[in-house]
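The next block holds one structure in the form of structure tokens; read it before the comments.
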Amino acid sequence: MEKALKAGNSKTKKQVVEKALEMYIRMKNQEKLLNLWGKIEIDEEAYKYSDLKLI
1 MEKALKAGNS
11 KTKKQVVEKA
21 LEMYIRMKNQ
31 EKLLNLWGKI
41 EIDEEAYKYS
51 DLKLI
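Taking the UniProt record's numbering, the leading residue of the sequence shown gets 1, the next gets one more, and so forth.
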């Protein structure tokens, strides 16, 4: 726990646990996206990249 407190610049154990849970959720969401790799086909002709507007 001490290593986690120092590594994450956290002041409390609660902050360490919350950060760990947020990281776990992000990792699981990324895993779901990776599982979709190759299963979704995108029609590149129908999608115009030039229509994207960067803010």
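We treat Cβ as the ideally placed atom computed from N, Cα and C, and that holds for glycine. Just so we're clear, the structure is a prediction, and the values are computed from it rather than from any experiment.
If you check the CB distance, MET1 and LYS13 come in under 8 Å. With fewer than 16 other Cβ atoms inside 10 Å of its own Cβ, VAL17 counts as exposed. Per DSSP, TYR49 is not a residue of any alpha helix (DSSP H), being assigned neither H nor E. One Cα belongs to ALA20, the other to LEU5, and the distance between them is close to 11 Å.
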